[in-house]
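Visitor:
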Amino acid sequence: MAVRVGVVGGGQLARMMIAPAAELGLEIRVLAESEGMSAALAATAVGDYRDLETVRAFARDVDVLTFDHEHVPQDVLRALVADGVAVHPGPDALRFAQDKLEMRERLTQLGMPQPDWARVENADQLQEFLDDHGHRAVVKTPRGGYDGKGVRVVSAATEAQDWFTALAEDARGGALLVEELVDFRRELAQQVARRPSGEIVAYPVVETVQRDGVCAEVVAPAPGAQGRVAAEAERIGVAIAEGLGVTGMLAVELFETTDERLLVNELAMRPHNSGHWSQDGAVTSQFEQHLRAVLDLPLGATSARAPWSVMINILGGPAEGTLEDRFDAAMSAHPAAKVHTYGKAPRPGRKIGHVNVAGGDLDDVVYEARAAAAHFLD
Ligand code: ADP
């Protein structure tokens with residue numbers, strides 16, 4: 001009987017696990033939030049991932065449970081582990097991707113390089129941090145943020161008053177995370193994969209470019225980072241995967257400072273936008289690697305197939321019509337570009353697909369990828 005992988009969450013990350021699952025002959029099932037989601041190409045159940053009985057029923061028929069997102073509550077995850085379900089990554093690792101304050105505390109214990117940070121429970125504590133850090137800082141809600149939502153640059157504590165008010169009204173209480181505003185040269189991402197029995201592999205460190213808090217472009221490997229910076233990024237990625245006991249894919253978002261230090265921004269314990277290039281640019285894509293890792297299979301080679309790979313996100317999409325309407329023009333003009341779409345309707349700012357190009361000359365690869373992606377954006 002085929003090995004069965006259950007993925008909680010029906011977004012594009014689950015969708016992109018389907019092709020490598022089919023290639024390996026794995027059966028993949030998805031617990032989607034609603035009908036018609038990106039991953040509905042696979043056998044799909046629809047239900048609430050916060051409801052224990054729903055997730056329990058879904059997990060009954062799979063050999064391993066993994067995720068398209070990090071939002072399954074800890075009590076649900078722990079009950080499944082107690083039931084004997086193989087959950088990867090497990091709750092003890094996942095909590096550090098679910099809560100940015102817990103992550104900062106644990107990474108401090110592990111001695112990882114990070115921006116200066118503090119836990120602040122009220123405006124006075126935030127003001128104190130601001131006074132100590134040049135009157136500008138980044139305030140973050142510890143949970144539930146993504147694509148820059150829940151992240152705010154402030155120069156006075158009053159600018160986060162609405163978040164403190166929400167905390168005060170929340171019976172569970174809580175705190176905000178405040179970080180120094182890092183003067184970074186660029187953002188990098190380091191991906192590693194780790195299987196439960198301990199094997200670990202690292203991908204080349206990549207450069208990520210964000211626009212309005214959303215990943216727009218990725219260049220692999222990060223230009224100019226082949227030496228010391230690449231080694232340091234890999235050291236950090238491996239240390240975090242081992243230190244937190246991560247299983248599956250881990251992405252570590254990093255800031256490279258103007259004085260060439262690397263600081264950890266945040267973690268994702270699943271395939272990540274910074275690794276989409278690997279579908280067409282690496283020997284083993286991050287989606288195949290994630291499946292191998294959560295099934296405790298030997299991990300695949302992470303080396304690049306070409307000197308350079310560039311990924312451009314299709315954000316928003318065409319003002320009129322569908323992505324498919326643009327296939328003819330894009331594909332005839334850019335036969336080397338690999339187009340990936342997520343089955344999502346165009347909407348301003350929404351991630352609905354991406355384009356990968358790999359090749360030998362960085363300028364050519366960047367040009368091709370941007371020009372191909374532009375067919376889908378207007
Ligand atoms: P999200 O969880 O929404 O992705 P992040 O914590 O990754 O939020 O922050 C989103 C973006 O905000 C980052 O990619 C970076 O550009 C910027 N940012 C976050 N933290 C800092 C910081 N301490 N200093 C400077 N910029 C930051």
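If you number the sequence shown the way the UniProt record's numbering does, the last residue is 378 and the count never jumps. Beta carbons: idealized from backbone N, C-alpha and C, even for Gly. This structure is a prediction, so every number in the text was calculated from the model and none was measured.
Using the rule of at least 16 other Cβ atoms within 10 Å of the residue's Cβ for burial, across every protein chain shown, is V246 buried or exposed?
Guide: If you number the sequence shown from 1, residue 246 lands on position 246. That one is buried.
Visitor: For ligand 1, any of its heavy atoms closer than 6 Å to the Cβ of L181?
Guide: Counting from one through the sequence shown, the residue named residue 181 turns up at place 181. Yes.
Visitor: Expressed to the nearest angstrom, what Euclidean distance is found between the alpha-carbon atoms of V214 and G317?
Guide: Residue numbering aside, residue 214 sits at position 214 when the sequence shown is read from its first letter. Residue numbering aside, residue 317 sits at position 317 when the sequence shown is read from its first letter. For V214 and G317, the distance between alpha carbons rounds to 15 Å.
Visitor: Say whether the segment 193 to 202 touches the segment 224 to 238, bearing in mind that this needs 3 or more beta-carbon pairs closer than 8 Å, one atom from each stretch.
Guide: Cβ pair count under 8 Å is three or more, so yes.
Visitor: Once DSSP output is grouped into helix, strand and coil, what is the label at N122?
Guide: Locating residue 122 in the sequence shown gives position 122, where the first residue counts as 1. DSSP places N122 in coil when its eight states are reduced to three.
Visitor: To the nearest whole angstrom, what separates the beta carbons of I312 and A373, a pair I think is in contact under 8 Å?
Guide: Here residue 312 corresponds to residue number 312 of the sequence shown, with the count starting at 1. Here residue 373 corresponds to residue number 373 of the sequence shown, with the count starting at 1. The pair is a contact, with the Cβ atoms about 4 Å apart (cut-off 8 Å).
Visitor: Whose C-alpha, out of A32, L41, D51 and D92, is nearest the C-alpha of L69?
Guide: Here residue 69 refers to the residue found at position 69 of the sequence shown. First, the residue type needs correcting, since residue 69 is His and not Leu in the sequence shown. Among A32, L41, D51 and D92, the Cα nearest to that of H69 is on A32.
Visitor: Given 6 Å as the limit, tell me if E232 has its C-beta closer than that to any heavy atom belonging to ligand 1.
Guide: What you label residue 232 is simply residue 232 of the sequence shown in a count that begins at 1. Every heavy atom of ligand 1 is 6 Å or more from the Cβ of E232, so no.
Visitor: What first and last residue would you give for the beta strand (DSSP E) that runs through L65?
Guide: The residue labelled residue 65 in the question sits at position 65 within the sequence shown. Unbroken beta strand (DSSP E) run through L65: V64 to F67.
Visitor: Could you tell me the distance, in whole angstroms, from the CA atom of T341 to the CA atom of L13?
Guide: As a working mapping, residue 341 is identified with position 341 in the sequence shown. As a working mapping, residue 13 is identified with position 13 in the sequence shown. Distance between the alpha carbons of T341 and L13: 11 Å.
Visitor: Going by DSSP, name the residue or residues bridged to N356.
Guide: As a first step, residue 356 is located in the sequence shown; it is residue number 356 there, counting from the start. BP columns for N356 point to M311 and K338.
Visitor: Alpha carbon to alpha carbon, how far is V151 from V310?
Guide: For the purposes of this step, residue 151 is taken as the residue at position 151 of the sequence shown. For the purposes of this step, residue 310 is taken as the residue at position 310 of the sequence shown. Cα to Cα, V151 sits roughly 27 Å from V310.
Visitor: Could you name the residues that DSSP lists as bridge partners for M1?
Guide: To locate residue 1, count along the sequence shown from 1; it is residue 1. Answer is none; M1 lacks a bridge partner.
Visitor: Please go through the segment 101 to 188 and give each complete alpha helix (DSSP H) segment of 4 or more residues, from N-terminal end onward.
Guide: As far as the segment 101 to 188 is concerned, its whole alpha helix (DSSP H) runs of at least 4 residues are 123 to 132 and 161 to 169.
Visitor: As a quick exercise: from G90, H290 and A304, pick the residue whose alpha carbon is nearest that of Q226.
Guide: Sequence index remark: in the sequence shown, residue 226 carries index 226 (1-based). That would be A304, whose Cα lies nearest to the Cα of Q226.
Visitor: Measure the C-alpha to C-alpha separation of E234 and V205 and round it to an integer number of angstroms.
Guide: For the purposes of this step, residue 234 is identified with residue 234 of the sequence shown, where counting begins at 1. For the purposes of this step, residue 205 is identified with residue 205 of the sequence shown, where counting begins at 1. Going from the Cα of E234 to the Cα of V205 covers about 7 Å.
Visitor: What I want to know is whether the C-beta of P271 ends up closer than 6 Å to one or more non-hydrogen atoms of ligand 1.
Guide: On the sequence shown, position 271 is the one that residue 271 refers to. No - ligand 1 has no heavy atom lying nearer than 6 Å to the Cβ of P271.
Visitor: Measuring alpha carbon to alpha carbon, tell me which residue in P223, F184, V120 and V7 is nearest R261.
Guide: For the purposes of this step, residue 261 is taken as the residue at position 261 of the sequence shown. Out of P223, F184, V120 and V7, F184 has the C-alpha closest to the C-alpha of R261.
Visitor: Rank M16, A19 and E27 by C-alpha distance to the C-alpha of G6 and give the top, closest one.
Guide: Your numbering for residue 6 matches position 6 in the sequence shown. Nearest option by C-alpha distance: E27.
Visitor: When you compare the segment 16 to 24 with the segment 283 to 293, are there three or more beta-carbon pairs, one atom per stretch, that lie closer than 8 Å?
Guide: Judged by Cβ distances under 8 Å, the segment 16 to 24 makes contact with the segment 283 to 293, as three or more pairs qualify.
Visitor: Any heavy atom of ligand 1 closer than 6 Å to the CB of P115?
Guide: Within the sequence shown, residue 115 is the residue found at index 115, counting from 1. The answer is yes for P115.
Visitor: Rounding to the nearest angstrom, what Cα-Cα distance links E187 and P221 in this structure?
Guide: What you label residue 187 is simply residue 187 of the sequence shown in a count that begins at 1. What you label residue 221 is simply residue 221 of the sequence shown in a count that begins at 1. Taking the straight line joining both Cα atoms gives about 12 Å.
Visitor: For A45, which residues does DSSP report across the bridge?
Guide: Locating residue 45 in the sequence shown gives position 45, counting from the first residue. In DSSP, A45 forms a bridge with L31.
Visitor: If E179 and V138 are in contact, beta carbons under 8 Å, what's the gap, nearest whole angstrom?
Guide: If you number the sequence shown from 1, residue 179 lands on position 179. If you number the sequence shown from 1, residue 138 lands on position 138. Contact flag correct, Cβ pair sits at about 5 Å.
Visitor: Tell me the DSSP secondary structure of M37 in three-state form.
Guide: Along the sequence shown, one-based indexing puts residue 37 at 37. Correct three-state label for M37: coil.
Visitor: When you compare only the Cα positions, how much space is there between P335 and E368?
Guide: The residue you call residue 335 lines up with position 335 of the sequence shown. The residue you call residue 368 lines up with position 368 of the sequence shown. One C-alpha to the other measures close to 10 Å.
Visitor: State the Cα-Cα distance for the pair R347 and A216, rounded to the nearest angstrom.
Guide: Position 347 of the sequence shown, counted from the first residue, corresponds to residue 347. Position 216 of the sequence shown, counted from the first residue, corresponds to residue 216. Each residue's alpha carbon lies about 16 Å from the other.
Visitor: Using DSSP with H/G/I as helix, E/B as strand and the rest coil, what is L250?
Guide: Sequence index remark: in the sequence shown, residue 250 carries index 250 (1-based). Three-state result, L250: strand.
Visitor: Looking at the structure shown, is E242 part of a helix, part of a strand, or coil, going by DSSP?
Guide: Translated into positions along the sequence shown, residue 242 becomes position 242. It is helical.
Visitor: In terms of residue numbering, what span does the beta strand (DSSP E) encompassing E217 cover?
Guide: Indexing the sequence shown from 1 puts residue 217 at position 217. Taken as a continuous stretch (DSSP letters only), the beta strand (DSSP E) holding E217 covers V214 to A220.
Visitor: Near R4, which residues of its chain fall below 6 Å by C-beta distance, leaving aside the five closest residues on each side in sequence?
Guide: Mapped onto the sequence shown, residue 4 falls at position 4. E27, V62 and D63, listed in sequence order.
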